[in-house]
Structures are given as C-alpha cells and as structure tokens.
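What follows is a set of notes on a single structure, which appears directly below.
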Amino acid sequence: MGSLPQEGSVYGQRLIPHLIDEIAHNNASRTFCSLAKSSNIPDGFQDISYGAFANAINRLAWWIEGNLEKTSTFETLSYIGPPDLRYIVLTIAAQKTGYKARQDYTICMNALTFPQALFLSPRNSVEANLNLLDASDCRLFLTASKCPPTFEALFKQRDMKRHIIPELHDVIAKDQVPHYPFVKTFAEAQQDPFLVLHTSGSTGFPKLVVVTHGSLTACDTFQQMPLLGYPPTMIEPLRDKRVFIGLPPFHSAGIFNTLAMPTFFGMIPVLPPAAPLTADMVNMIHVYGRVKASIVAPTIIEELVKIPEYLENLKMVDHVLYGGGQLSKEAGDLAVQKTGILSLMGSTETMLLPTHVPDKDEWQYYSFSPCMGAEFRHRWEDLYEMIIVRQPQWELSQAIFYTFPDLQEYSLKDLYSPHPTKPGFWLYQGRSDDVIVFSTGEKINPITMEGIIGMHPDISSVLVMGQGRFQSALLVEAKKPPNSLDEKEQLLDKIWPLVERANKDCPAHGRISKEFVLFTTPEKPMLRASKGTVQRMSTVKLYEPELNELYAASQSGPVQPSSVSLSLSSETSLRGTLRSIVAAQLESDRFTNDDDLFAFGLDSLKVANLVRHINASLEKAGSGNIPIQPRSIYANPTINQITSVLLAAKDKSLDDGAAGSEQTRQQKMQSVFERYSQDLPISARQPTALHPSVPKSVILTGSTGSIGSYLLDALLSDSSIAHIYCFTRPHSTPASSRQTQINAANGLTTAFPSAHVTFLPVDLSKPYFALSRSTYTTLLHTVTHILHNAWSVNFNLSLQSFQPHIHGVRNFIDFSTNSAHNASIFFISTIGTAMEWPNAHEGNMPEEIVDDWSLPQQMGYAESKYVSERLLDEASRVSGVPTAICRVGQVAGPTSGKGSWREGEWFPSLIRSSFELGVLPKDLGPMEMVDWVPVDLLAKSLTELFVQRPHDTSQSTSQVYHLVNPTQTTYNALLPCILSHFPTPPKLISLSEWLVAVEGEQDLQKNPAGKLIDFYKGMVEVGEAGKKMVVLDTARTKEKSEVLRVMEGVKGSWL
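Under my numbering, the residues of the sequence shown are numbered 1264 to 2318, in order.
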C-alpha cells in the first residue's frame, strides 16, 4: 500500500530517507523490491524487505563513515559498478553521511530511456568525463571490485581517492547493524543536494544537474490531485503493484522508479540481473516475474512486437510504460491491442511530470495535470512548444523550480501538436532542436519519418538530416552494415517501401530521394548518449564530410548522370523535353504549357531539384554556360515561359530573371487586371442601403491565420453580427478544431456555437467556392458582409502564381452582385501596394485608389494585391458592388494575453538572430520609424471599419483606409527595453554590419533572419540609396475608427 502522510507531514514535504526508516520500523517485512536471483529468469526473484533495505543503507552509511570520513559540506561522491541495488542503497547512505552521491556506471544496456541521460557514461569521451568531474569538483570515487578500462584511463588523468565498495551480497546481509539516523527536517533539507546527475548529451555536451530533496518529493504531491477534484495522474495504475524496471539504477528514471515510487506510492520494483537488457529477457520476466507492469525503453517495445509470442505475452501485464524517446505509432498500435500503453514524461531537471492516463486508442496523447503549470505556445504550423510556468499554488509540485530557483518559466524544448477534436490533449512531436530548417526557410520535424523507417528489422537507427541544406538526406545505420555498392543497393531496395511510406506523410519539401541516402560504416557508428539515444548533432558532425560530398555532387544535377539532353537548337524540342523533366518532378503531366506549375504542386524543394535537373541536361547538351537560377522559375512558372527564358538566355537578349515575353512588370499587372475585369457584371439593381432589420451575416476568410484569429474573436464580441461563415482551406483536421487550438494559444475565445459560427472548407478560385449549390444558395440569401483576409504570404512567387487569389476576389464580386443584400466586400490589403509612392510622388500616400501601375513593391505578393485593389474599385464603378480596401502596415504582437509576434516576421527574426549572434543593429535604416499596429488592436479597428461602414451601393469607387499607427515612435526609443531582455549585452553595430554577421551564420534554426536575407538586404540597399519609405495618410481612417484614433505608440512592454 502507498505511504500516507504522517501526523505533522504533508504531501510534497516527506523526505525519502525518513519514509524508508519509518516503513522499516512500522512494517519491516513489507517488500521494498524484488531482485532476479540469476541471469536465468526462471530461477525466480528474491524479495528484499524494507527492514533489509534500511539495514543495508545503515551498513553502507557506517562503511562510508569508517572509510571516507563524515562530511557536512556535501562533497561529491562518485560510484561505478554493475547496475544493481547498490546504486539505490548508496544514494541514501550518502545522504545520511552528508555526501552528494554522484553515480556512474559500467554496463551498457538497451533500456536507457529518459530524455536526460545520467552519470558518467563509457560512451562519453575522456575529455567530456573529465570536464564533468571538474565541474562537480569530484575527488572521491567508489568502484565495484572490477572497473572498466574506460574509467581506468580516467583515473590516470585525474587525481582522485578511490575505494572498493562491498559486494552486493555483503551489503544486503541479514545481520543487523545500528541505525544510522537522518535528522534533517524538510525545511532544512528542501534545497539540499540529493544527487548530482548529468544530461545525456543527446543534443550537445553533457551538463551537470543537481537534484535536490525538493525535486524528488515533488511527485508526492501528485496523489493529492483526486482529493482536490482533479483527474488522477499516471502513477495510479502503478500504486502497490509489482513493476518490472527495465531502467538502469544510475539514471534519473531508475532512481525515481526505485526510490520515489516505492516509498511514496507503494510500488514494488522488480529488478533484472546485471546483464544487457533484451526483448528476450523482458519477455521472460513477463512470464516468470509475476509483474503487473513494465517500464522499458521504446526500443524494447518495438522489438517485443516484432515477435508474435512476445507480443501475445504482453497480455500478462496490465500496462507497459516507456520514456526517453518516442515509441513508433506502428509498434504502439500493435502493443495496445494486448495491454495498456503509458508514457512516462520527465527529465533530469524536471523529474517525473504529472500526466493523466489516456484512453487506449489515444495512447500517444498527453493530458497534463494542472499542478504541472504547462502552457503551449505556437511555434509554426500545428506545432506548439510546451513551457512550464511557475505557479505559486503548486510550488511543491514543480520540481523544475527547485533545479532552477531563479526562473519563472522553463522550456524542455519539446514540441507538440494538439488533438484534432479534444482540447487539452497533445501529441509529442519531438524536440525543437530536432526540427530541420532548410536553406529555403522551410521546416520539417523528422521524428515521425525516422520512426517509420527505423521499424525495418534490418535497421538499427536512422537520422533525417539537412539543416541549412536545400533538401533532406537520410543516414542509415544497418544492423549488418553493407560493404559493397551491390549490398548498399540491395539494402536500399529493402527499406525503400518504408521510406516511401514516410515520404507520403511528409511535406513535399522534406521528402527523401534515393540519391540522398547514406549508410554508416562499421568504423563510424552513430554516436549515442548513455541512455542509448542517438546524439543527433554529434552524429551529423561526424558524417559532415560525407554529407558535404553528397550535396556538392548534387549541385550540378542528380547523383546519377542525367539521361536527358536539353538542346536549345529547337524551341519545339526544348519545350517537349522541359515538359518531361517537369512532369518527373511533379509526378504528373496533367498541365498545359501555359499552366502555373505552382498550382500543380511545384514548391521550393521541387524548384531546387528542377533547376538542378535542367542545368544537368543543359550541361549534357553542351549549353552549361547558361545555367538557370531558382528565381527564374518563380518569375516564370509555366513551360512556355521557362522555354522563353532559356532561349533568351542563349541569345543574351534578356537576363534569366526576366520574363520570356517583352511585357514590362506594369503591363503584366494590367494584363491580369484586364483578364478579370473585362466581363464584370453590369447590375440593374437600384442602390439601397442595408435595412436595419436585416441581420448581419459575415463571410470571413483566413480565420485560422495570425490576424484572422483575432478578427474572428473581435467579430464574435460584436452583438450586431448574427452569424459568421468562416471560409477555410480544406484540411485533414476539422477547421473548428484548428480554430480552437489557434485561439487557445492566443488566449482568445474558443467557443464557436453552431448557431453563431459555421466553418466551411472552400476553394475561392472555383465556381461556387467549391461549395454545394444548396450551401451557396443559402449564402446568397443571407450574407451581408464579406471580410476577405486570406492570402498566401510567399514573397518568392510571381504575380502569375497569385492568380488563383485574384480569381477568388473576382468570385466574391460575382457573389455580391447575385446576393440578396448586395453583400459588401472589405479587402485587407498591404502597404506593399503603395511602396513605390515616394519615387514619383510628393507627400503621403492618400487614402484612395491611385491609377499608377508602378506603385506596388516589386514582388508578386504586393502586385497581386494591387491588381485586386484595382479590380474591386472597378467592380464598385461598373457593378455597383460596395467595396472597401484597407492597406495594413507592419503588424506587431498583441498588447496583452498569450499571443505573440508571428515567428517568421522580420522583426522577431532580427531579435532572435541577434540573441544568437551577440550583435544587434543600432538602427533600422529606412525602417527606423515605428508605426506598427498590435494585432489585437488591428482586429478591433478593422471590425470598426468593416461593420460601421455605411452599406451604400451608390458609391462609385472603393473606400480606402490605412491602418498604421498614427502615434509613431522610433526603434532607437525602444532599444533600451530590447537590450534589457538580452542575457549578455550585445554589441551595437550598423545594419549593414549586422547583415554581414547574419550571412555568416548558416544554422537557420539559430539564425532565423537568414531565411529573410533578401528582405534585410533590401532595407540596407534602400538606406544606402537614400530612398524614402512610403508614409500612409490616416485622416479618414481615424475618423471612422476610434481604436486607431486613440492608439498609443508602440511600447517596449508590448514587445
């Protein structure tokens, strides 16, 4: 039975040394643990009582005092020995005598599981272990009678006192020794060191962690949660049960499960023999050990499910628990058919974290107890980073703040995605430092791919790599490494179906191609931490020469010689060959020569591959002196245009970034405008204002975006709006679930009653928005307002690639003219449509449509929005559609709440890179003037403009608004606040010098500004050329929006 609080004690304040002595005194025969009698599991297990355990602790404490002298200064004591009960006995004995037990090990086992590995590992370099010993000032070493050669070399390089500890059978001998007291109270011992451990080195060099008594007792508070009305935690299935511990006793997980779980919760640890743990041994323990649960590494479970007999024997236990890594979904789904699957979450710094027990069919998901203080902050796509925030009411439960008492919050750098339908349930997706950021700026989380491919029986481990590269590569460690080229090809063919399966669920930019697979060699196995996990960064560095060679060989074309010759002698032949190359990349030929290839699945990775294939084919045809560049594809995304580019480059009549035709940029925009405006409907409807009795029904696009989520929140708080139709892109996760997750992350409302909100998956470029006729008809009869916010933010794409968006604007115009209430269209545009105003005009940009095709910034994003502005203005004039356009400037994070800047924005990226580089721009050149609008205030102002604008069909032009902050400040004024958040003061340098520093750092995970390098270059170039930034007039907008009228300048606290 679990130990109940004694009189005068409370959960979270009971010290483990006291409890062991207390139980030994009150119930000496009660079983503490059970030890395997031999390496032959059918020989059975020997139960060790609390009386015997306490006696062993006392014996070893007296031994320490007699051999090492008693200390009151917590001198560090290291131990190396077989993974047996002596580790646990020594931990408490060292406490009683005043030493910090620092425990090391000799035997490499497969069950090395928790996220932070513990103690000096034989897998560490001698230099790493010496560094750890220096950091802990360790001069006392205990060893078993036999010490591994790895540590013998260590002793030769460091002066340490060494003692041989008694053998296990002597430590647990039955003869009684005098009691050795532990006299400190919780208040006295709370912050005292209990153990000195070290992190695994999975993500870098191992670091010391001091575990305090308070850290260990935090889990004791978990059992009070049901008494307080909260769900029970995952400890309950283990209470008072015999549980096999497949974790070495020198890891935090081993210490926790062999000390905290027995003393606080009555669990009886069943310990294996001192031999490497295998699936065979674990299965034997399930059969002969009378255990109700097992705690093992994910790799053990994955091996068990591969053997039908072992899988079937999982029925003999109630639960199998794992930790320290991600169990592949394939293995978990098999195991959960036979037994319950639970995950233990924790680290050396945090100890065990309190999670709830999930339903069997959702074994992968976590739900966290409130005493943990977990918050989830959006990072990118559907990934959120978990942050533990200090909560005074749960002070005794949050072990992390014993480890780091000066922190107010702590991140484990773990990423999660939310459950598609159940708020509060989260799927672990790996660590943030696992995320690969390609040179294109796109990202993938490789964990799922690695889990799928690593399930192949011939594979030990795999790593997906590609940090800072243009595409991903795969490093494979085979159980039997291939030696010859034939063996490599045979093994690649064997594992390729799993690679294809992994590719299927991976974003296109992260997929593995056969040319980018490497195999490890026997001389260079993957580097592993002491817990058995692969050290990702160290292994990637180990294979850096081979990776460099692989990527270098691919720069001029695929690894295999190109089989296609791209001759420029014939336009017809060139066009046909291009089609075959493009079709191979898109895995489809269902496009015409004038179709935008981005609409058929072309993306940044495929662009990179396409360019390499085209250039290799040009080389083969003897035309390698005119290579094409990626920007050529973005600017000319059709077969005919690429053909024209190549022919023009051959004649050197145009550079490779120019269009194949002689159209100028302005003519292109005019041509697109004419295409979508030439047949605008002419309406005979008489101009009438919206009658007050008509309920306002709104179509909102882009509600799941950063601005859109705040817009939806603002619209929901407006009592004049009867219904909101959220137009969303089709997605595997229901839109309502995605909206709930996004709004929750931003601290916004998550209540979307069906009577008030309807989510509709649409394609704006399709007839009827790809809705059913009945739904479309309903909208025609009810919608009064359209708030169009959705637009792809991709500054690489050309105007042509944005035509589906422009088509969507035209479809809204047609919808309005056919709607019963002549629905108004409010279009959220960008300051980029007026960026070139100062080059040809004086003063501020007016709040009106200006007939000047040179105005928009030279990128497809701004050009497409300018064309749409002109199209809406024309629709007001020709078709009588009430339209309004709002040009929005820089959007900042919210003034309050959970939300934050969009991670990929230029200013957060600038700050994050400056943190890493240690340098910060002292000015922002042309961007020095700060007129940013916080996103929450932006949404409120937009709602004022959108809802309160007179619904007047008599207007002949679009109403135009400008949403920039009328109360300007400067970057220089914000600089002191920015600097106060740097842990070390950065060096202040010019913007151009900062740009050089950014270009020199290739790690885009550390240096996100590197993904926006062209943007910052543009800032520098504009500044050096003395060009002015456009200033938007806001007079009319301030008249209509009280929020804008009273808006304060950006404050440092908002950042």
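Backbone N, C-alpha and C fix where the C-beta goes; we use that ideal spot for every residue, glycine too.
Checklist entry - Are there 16 or more other CB atoms within 10 angstroms of the CB of D1942, so buried, or fewer, so exposed? => result It counts as exposed.
For the beta strand (DSSP E) that contains C1401, what are its first and last residues? Run containing C1401: none; DSSP gives neither H nor E here.
Own chain residues within Cβ distance below 6 Å of S1801, not counting five before or after:
Listed in chain order, the non-local C-beta contacts of S1801 below 6 Å within the same chain comprise L1790, local neighbours out to five positions each way being set aside.
- Task: Pull up the distance between the alpha-carbon of I1219 and that of S2017, whole angstroms please.
- Result: The structure shown does not extend to residue 1219, since the chain is modelled only from 1264 through 2318, so no value can be given for it.
Quick one: using the 10 Å Cβ neighbour count with 16 as the cut-off for buried, is T1927 buried or exposed?
Exposed, since its Cβ has fewer than 16 Cβ neighbours within 10 Å.
Where I2148 and L2062 are concerned, what is the direct C-alpha to C-alpha distance, given to the nearest angstrom? In this structure, the alpha-carbon of I2148 lies about 19 Å from that of L2062.
Original post:
Can you find at least 3 beta carbon pairs, one from the stretch 2189-2199 and one from the stretch 2139-2159, that sit closer than 8 Å?
Top reply: Contact between the stretch 2189-2199 and the stretch 2139-2159 is present, because at least three Cβ pairs lie under 8 Å.
**OP:** Scan the stretch 1969-2021 and note each continuous alpha helix (DSSP H) run of 4 residues or more that stays entirely inside, going in chain order.
**Re:** Entirely contained in the stretch 1969-2021, the alpha helix (DSSP H) runs reaching 4 residues are, in chain order, 1969-1979, 1998-2008.
| request: Give the straight-line distance between the Cα atoms of F1404 and F1418, rounded to the nearest whole angstrom. | output: Taking the straight line joining both Cα atoms gives about 9 Å.
Quick one: give me the first and last residue of the alpha helix (DSSP H) that M1800 is part of.
-> According to the DSSP assignment, M1800 belongs to the alpha helix (DSSP H) that extends over 1799-1805.
For this session: Would you check if the distance between the CB atom of Y2124 and the CB atom of F2065 is smaller than 8 Å?
Result: Yes.
Below 8 Å between beta carbons: does that hold for T2096 and R2140? No, the Cβ-Cβ distance between T2096 and R2140 is not below 8 Å.
key: Validate contact between the stretch 1299-1314 and the stretch 1473-1490 using beta carbons, cut 8 Å, 3 pairs   = The stretch 1299-1314 vs the stretch 1473-1490: no contact.
> What alpha helix (DSSP H) runs, 4 residues minimum, are completely inside the stretch 1692-1764?
Replying inline: For the stretch 1692-1764, the continuous alpha helix (DSSP H) assignments of 4+ residues that do not extend past its boundaries occur at 1710-1716, in sequence order.
Quiz item: Within 10 angstroms of its Cβ, does E1572 collect 16 or more other Cβ (buried), or is it exposed?
Solution: Only exposed fits E1572, as fewer than 16 other CB atoms lie within 10 angstroms of its CB.
**Asked** Taking the alpha carbon of I2112 as the point to measure from, which residue in L2135, I1351, A1356, P1539 has its own alpha carbon closest?
**Response** With distances taken between Cα atoms, I2112 lies closest to L2135.
C-alpha distance - A1492 paired with E1740, whole-angstrom precision = Before going on, a small fix: residue 1492 reads as Gly here, not Ala. Using only the alpha carbons, I get a separation of about 49 Å.
Look at the Cβ atom of L1282, then the Cβ atom of L1348, and state whether they are nearer than 8 Å.
In this structure, L1282 lies away from L1348, with their beta-carbon atoms at least 8 Å apart.
Requested in this report: Could you work out which residue in V2227, T1526, K1685 is closest to L1278 when comparing CA atoms only?
Outcome: Comparing Cα-Cα distances from L1278 to each of V2227, T1526, K1685, the minimum goes to T1526.
Residues in its own chain within less than 6 Å of Q2120 by CB, not counting five upstream and five downstream? Around Q2120: G2095, M2098.
| For G1564 versus A1594, is the C-beta spacing smaller than 8 Å? | Here the sequence assigns Ile to residue 1564, which means Gly is not the residue at that position. Yes, Cβ-Cβ distance for I1564 and A1594 is below 8 Å.
May I ask you to list the residues that DSSP assigns as paired with C2149? Answer is I2091, Y2224.
Item to check | Euclidean distance between Cα positions of Y1368 and G1344 | outcome: Residue placement at Y1368 is poorly supported in this model, since its pLDDT is 32, which falls under 50; the coordinates still yield a value, given next. If you take the alpha carbons of Y1368 and G1344, they lie about 6 Å apart.
- prompt: Counting only runs that start and end within the stretch 1622-1667, where is the beta strand (DSSP E) found for 3 or more residues in a row?
  reply: If you keep only unbroken beta strand (DSSP E) runs of at least 3 residues inside the stretch 1622-1667, you get 1637-1643, 1646-1652.
- Can you give the Cα-Cα distance for D1397 and V1473, rounded to whole angstroms? A direct Cα-to-Cα measurement between D1397 and V1473 gives close to 14 Å.
What residues are listed by DSSP as bridge partners for A2155? According to DSSP, which records beta bridges pairwise, A2155 is partnered with P2197.
Review point. Can you tell me whether N2228 is buried or exposed, with buried defined as 16 or more other CB within 10 angstroms of its CB?
Key: N2228 is buried by the Cβ-count criterion.
task = Count the other CB atoms, across all protein chains shown, that sit within 10 Å of the CB of A1374; report buried if there are 16 or more and exposed otherwise.
result = The predicted position of A1374 is uncertain, since its pLDDT is 24 and thus under 50; a value taken from the coordinates is nonetheless stated next. A1374 is buried by the Cβ-count criterion.
D1284, buried or exposed, once every other Cβ within 10 Å from all chains shown has been counted against 16: By the neighbour-count criterion, in which a residue is buried when 16 or more other Cβ atoms sit within 10 angstroms of its Cβ, D1284 is buried.
Checklist entry - Looking at the structure shown, is E1812 part of a helix, part of a strand, or coil, going by DSSP? => result Correct three-state label for E1812: helix.
Fill in: Y1673, DSSP secondary structure in three states
Strand at Y1673.
Alpha carbon of R1421 to alpha carbon of L1393, nearest angstrom = Taken atom to atom, the span from the alpha-carbon of R1421 to that of L1393 is near 8 Å.
Helix, strand or coil at G1773 [DSSP, three-state]: Reduced to three states, the DSSP call for G1773 is helix.
I need the straight-line Cα distance from P2056 to H2068, nearest angstrom please.
Note that residue 2056 is Val in the sequence shown, not Pro. One alpha carbon belongs to V2056, the other to H2068, and they sit about 11 Å apart.
* **Three-state class that DSSP yields for Y1350 in the structure shown** => Three-state result, Y1350: helix.
D1866 to A1879 span [Cα, whole Å]:
Counting only the Cα atoms, A1879 lies some 20 Å from D1866.
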